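Student: Here it is: the structure, laid out below.
In mature numbering (1 follows the signal peptide of the UniProt record, and there is no 0), the protein residues as written are -17 to -1, 1 to 518.
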């Protein structure tokens, strides 16, 4: 153990913060970079688990980089070392299936503090749009605050929760209710700096090193660690009209959602800016924390509506506007709502600053933390479901497997496939329109309710997947979790061969993001692994 730690410090040339297991001689090492390699038991323990709370793997050490050079130095040293050990990037630790874990290796803690002063937003004459360069470990909430304070700008595409790292969401896709219009976050990036599995710090874009660029976007951390991203910006609106309407008819609910996302090319006054939906199974904070804002002021009494209608579906929309357009917002929203077939008298609206809407989930997080309901296991299941089979999914899952308990929010909203670049590593259904269905579950082991246990929710997730398989619903998992090479091959489908070629090119020793088990590490030596090529 001590010999391995000494080897790590020597080859990485990093300052060490040591725990009680480190030999005294190791404290004499001279630092060669700005980063720190920590063996502190509390830091190692924190890096051994992610937000999912299910996958666990203890690293040997945690690195806090001082910049991209430290990340490259670490990975290059690992690649050149005769001793194989994994390296994984960790942003805010919000992954759910082990993407940020590195058993017996090094976790690179990307979100620890700010690396350097951020560049100012800039204008690109070639694209006619603004952009900003940010560190891969920056949280989206910090990017938003920076761009708003320096030009009144904001990124175009969001996730519902802003306390996620830029590199983390770009390694998956980054989706929310704006994706029907702007595409996912990976469709709104101009350029990246990436440390490959060989330790090479490489700038890439559609024009430069494009294979790496497209591979890393949605690549689950398999091909490199994102240290810089050039993010597309737009002028931020001042305020948001936030609207919710209810449905008891699933066909009407999905018909209206698909109508609204089909208006992505319309003039801004003729469409909503954000469209999401969710299933209302039961009330309560744990079931509706994701974006709930029903309140005692809500004219719709949810309990009475439930009693009369059974399972409900909520359609959630926003219309952005500036202070100068405040007088006309009522008319614009009424015209858009006039196209929809929701339950009469179920409209609930509120107006709030744009930033408050984007940061809505964080407020619910604080309430959950106060009740001890945040740091619990999260056996999430996120699926892309073809639009042609969403009614079958409703009958089999929402009205079948689920019963009357959800143990967390259930999101459901459509996206347009043409807004996704097929050259990226993300896999989606082949239909033009597909739905994100997200079961954002929280397991509450001390609740006394067996239906809220981790075991029950995990079994229910398995039943949902088995139902889709038996019914021939060709789903794809978002934030995927598979247990075997055959399952991963099926997940990637026609992209599997390209995935393996990219892995061999950019991470030939299979050291990066090993926690998901997509490509196994070498059994004895790196030369025995089928992906390894001399370089």
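For glycine and all other residues, C-beta sits at the position ideal for the given N, C-alpha and C.
Predicted model, so just to flag it, every value in this text is computed and none were measured.
(1) With distances taken Cα to Cα, identify the nearest neighbour of residue 257 among 110, 243, 24, 349.
(2) Please report the straight-line C-alpha distance between residue 484 and residue 493, rounded to a whole angstrom.
(3) Which residues in the same chain have their Cβ closer than 7 Å to the Cβ of residue 454, if we skip the five residues on either side of it in sequence?
(4) Does the contact criterion of 3 or more C-beta pairs under 8 Å hold for the region 422 to 437 versus the region 385 to 402?
(5) Strictly by DSSP, which residues pair up with residue 259?
(6) Quick check on the burial criterion: 16 or more other C-beta atoms within 10 angstroms. Buried or exposed for residue 33?
(7) Is there contact here, the region 142 to 161 with the region 193 to 202, by at least three beta-carbon pairs under 8 Å?
(8) In the DSSP assignment, find the beta strand (DSSP E) that holds residue 203 and state where it starts and stops.
(9) Please state if the CB of residue 188 and the CB of residue 173 are separated by a distance shorter than 9 Å.
(10) Compute the Euclidean distance between the alpha carbons of residue 126 and residue 136, then round it to the nearest angstrom.
(11) Which same chain residues end up closer than 7 Å to residue 460 when comparing Cβ atoms and leaving out the 5 residues on each side of it in sequence?
(12) Measure the alpha-carbon distance for residue 279 versus residue 407 and round it to whole angstroms.
(13) If you reduce the DSSP assignment to three classes, tell me which class residue 456 lands in.
(14) Any idea which residues DSSP pairs residue 71 with across the strands?
(15) Starting from the C-beta of residue 213, find all residues in its chain whose C-beta is less than 6 Å away, skip the five residues before and the five after it, and write them out in chain order.
(16) To the nearest whole angstrom, what separates the beta carbons of residue 40 and residue 85, a pair I think is in contact under 8 Å?
(17) Within 10 angstroms of the Cβ of residue 432, are there 16 or more other Cβ atoms? Answer buried if so, exposed if not.
(18) Alpha carbon to alpha carbon, how far is residue 102 from residue 386?
(19) I need the DSSP call for residue 78, collapsed to helix, strand or coil.
(20) Between the C-alpha atoms of residue 438 and residue 35, what's the straight-line distance to the nearest angstrom?
(21) Please list, in chain order, all residues of the same chain as residue 381 whose beta carbon is under 6 Å from its beta carbon, the five residues on each side excluded.
(22) Going by beta carbon distance, what residues of the same chain come within less than 7 Å of residue 373, once the five residues before and after it are set aside?
(23) Taking the beta strand (DSSP E) that residue 112 belongs to, which residues open and close that run?
(24) Grab the span of the beta strand (DSSP E) containing residue 365 for me, first residue to last.
(25) Is residue 362 closer than 9 Å to residue 428 when the C-beta atoms are compared?
(26) Give me whichever residues DSSP pairs with residue 186 in a beta bridge.
(27) Do you know offhand how far residue 310's Cα is from residue 316's?
(28) DSSP on residue 497, reduced to helix/strand/coil?
(29) Out of 69, 162, 446, state which residue places its alpha-carbon closest to the alpha-carbon of residue 398.
(30) Decide if the region 178 to 185 is in contact with the region 226 to 233; the criterion is three or more beta carbon pairs, one per stretch, under 8 Å apart.
(31) Mind checking residue 343: buried by the 16 CB within 10 Å criterion, or exposed?
(32) Beta-carbon within less than 7 Å of residue 255's beta-carbon, same chain only, minus the 5 sequence neighbours each way: which residues are those?
(33) Given this structure, state the Cα-to-Cα distance separating residue 498 from residue 80, to the nearest angstrom.
(34) Specify the secondary structure class of residue 329 as computed by DSSP and reduced to three states.
(35) Tell me the residue span of the beta strand (DSSP E) that contains residue 145.
(36) Mind checking which residues open and close the alpha helix (DSSP H) that includes residue 481?
Tutor: So, from the listed chains and residues:
(1) On the chain shown, position 274 is the one that residue 257 refers to. For residue 257, the nearest C-alpha among the options comes from 243.
(2) Mapped onto the chain shown, residue 484 falls at position 501. Mapped onto the chain shown, residue 493 falls at position 510. Their Cα atoms are separated by approximately 12 Å.
(3) Taking the chain shown and counting its residues from 1, the one referred to as residue 454 is at position 471. Counting only Cβ-Cβ distances below 7 Å, and skipping sequence neighbours, we find 375, 379.
(4) By the Cβ criterion, the region 422 to 437 is in contact with the region 385 to 402, since at least three pairs of Cβ atoms, one from each stretch, lie closer than 8 Å.
(5) Here residue 259 corresponds to residue number 276 of the chain shown, with the count starting at 1. Beta-bridge pairing links residue 259 to 299.
(6) Looking up residue 33 in the chain shown gives position 50. By the 10 Å Cβ count, residue 33 comes out buried.
(7) Yes, the region 142 to 161 touches the region 193 to 202.
(8) Counting from one through the chain shown, the residue named residue 203 turns up at place 220. It is not in any beta strand (DSSP E) - residue 203 carries neither H nor E in the DSSP assignment.
(9) Here residue 173 is taken as the residue at index 190 of the chain shown, counted from 1. Here residue 188 is taken as the residue at index 205 of the chain shown, counted from 1. In contact: residue 173 and residue 188 (Cβ atoms closer than 9 Å).
(10) The count along the chain shown starts at 1 and reaches residue 126 at position 143. The count along the chain shown starts at 1 and reaches residue 136 at position 153. Cα-Cα distance, rounded: 10 Å.
(11) By one-based count along the chain shown, residue 460 stands at place 477. Same-chain partners within the cutoff: 365, 366, 474.
(12) Within the chain shown, residue 279 is the residue found at index 296, counting from 1. Within the chain shown, residue 407 is the residue found at index 424, counting from 1. Residue placement at residue 279 cannot be trusted, given a pLDDT of 42 that sits under 50; what the coordinates show is reported in the next sentence. C-alpha separation (whole angstroms): 45 Å.
(13) Taking the chain shown and counting its residues from 1, one reaches residue 456 at position 473. Here residue 456 carries a coil assignment [DSSP, helix/strand/coil].
(14) As a working note, residue 71 is residue 88 in the chain shown. Answer by DSSP bridge pairing, in chain order: 90.
(15) Translated into positions along the chain shown, residue 213 becomes position 230. So the qualifying residues of the chain are 114, 116, 173, 174.
(16) Translated into positions along the chain shown, residue 40 becomes position 57. Translated into positions along the chain shown, residue 85 becomes position 102. 7 Å between Cβ atoms; contact.
(17) Counting from 1 along the chain shown, the entry for residue 432 is found at position 449. With fewer than 16 neighbouring CB atoms inside 10 Å of its own CB, residue 432 falls in the exposed class.
(18) For the purposes of this step, residue 102 is taken as the residue at position 119 of the chain shown. For the purposes of this step, residue 386 is taken as the residue at position 403 of the chain shown. So the alpha carbons of these two residues sit roughly 51 Å apart.
(19) For this step, residue 78 is matched to residue 95 along the chain shown. Secondary structure of residue 78 (DSSP, three-state): coil.
(20) Within the chain shown, residue 438 is the residue found at index 455, counting from 1. Within the chain shown, residue 35 is the residue found at index 52, counting from 1. Residue 438 and residue 35: Cα-Cα distance of roughly 13 Å.
(21) Translated into the one-based positions of the chain shown, residue 381 becomes position 398. Closer than 6 Å at the Cβ level, and outside the excluded window around residue 381, lie 262.
(22) Taking the chain shown and counting its residues from 1, the one referred to as residue 373 is at position 390. Here the set comprises 237, 418.
(23) As a position in the chain shown, residue 112 is number 129, starting the count at 1. Counting along the chain, the beta strand (DSSP E) containing residue 112 begins and ends at 112 to 118.
(24) Within the chain shown, numbered from 1, the residue matching residue 365 stands at position 382. Run containing residue 365: 364 to 369, per the beta strand (DSSP E) assignment.
(25) Here residue 428 corresponds to residue number 445 of the chain shown, with the count starting at 1. Here residue 362 corresponds to residue number 379 of the chain shown, with the count starting at 1. No, the pair does not count as a contact, with Cβ atoms beyond the cut-off.
(26) Translated into positions along the chain shown, residue 186 becomes position 203. Per DSSP, 176.
(27) Residue 310 sits at position 327 when you count from the first residue of the chain shown. Residue 316 sits at position 333 when you count from the first residue of the chain shown. Looking at the two C-alpha atoms, the distance is approximately 12 Å.
(28) Counting from one through the chain shown, the residue named residue 497 turns up at place 514. Residue 497 sits in a helix when the DSSP states are folded into three classes.
(29) Reading the chain shown from its first residue, position 415 is the one you call residue 398. Residue 162 holds the alpha-carbon nearest to the alpha-carbon of residue 398 among 69, 162, 446.
(30) Output reads no: the region 226 to 233 does not touch the region 178 to 185.
(31) On the chain shown, position 360 is the one that residue 343 refers to. Flag for residue 343 reads buried.
(32) Numbered from 1 along the chain shown, position 272 holds the residue referred to as residue 255. Closer than 7 Å at the Cβ level, and outside the excluded window around residue 255, lie 243, 300, 301, 302, 319.
(33) What you label residue 498 is simply residue 515 of the chain shown in a count that begins at 1. What you label residue 80 is simply residue 97 of the chain shown in a count that begins at 1. If I take the Cα positions, the gap works out to 8 Å.
(34) The residue labelled residue 329 in the question sits at position 346 within the chain shown. Judged by DSSP in its simplified three-state form, residue 329 adopts coil rather than helix or strand.
(35) Your numbering for residue 145 matches position 162 in the chain shown. Segment: none, residue 145 is in no beta strand (DSSP E) and carries neither H nor E.
(36) As a first step, residue 481 is located in the chain shown; it is residue number 498 there, counting from the start. Under the DSSP assignment, residue 481 falls in the alpha helix (DSSP H) whose first and last residues are 479 to 489.
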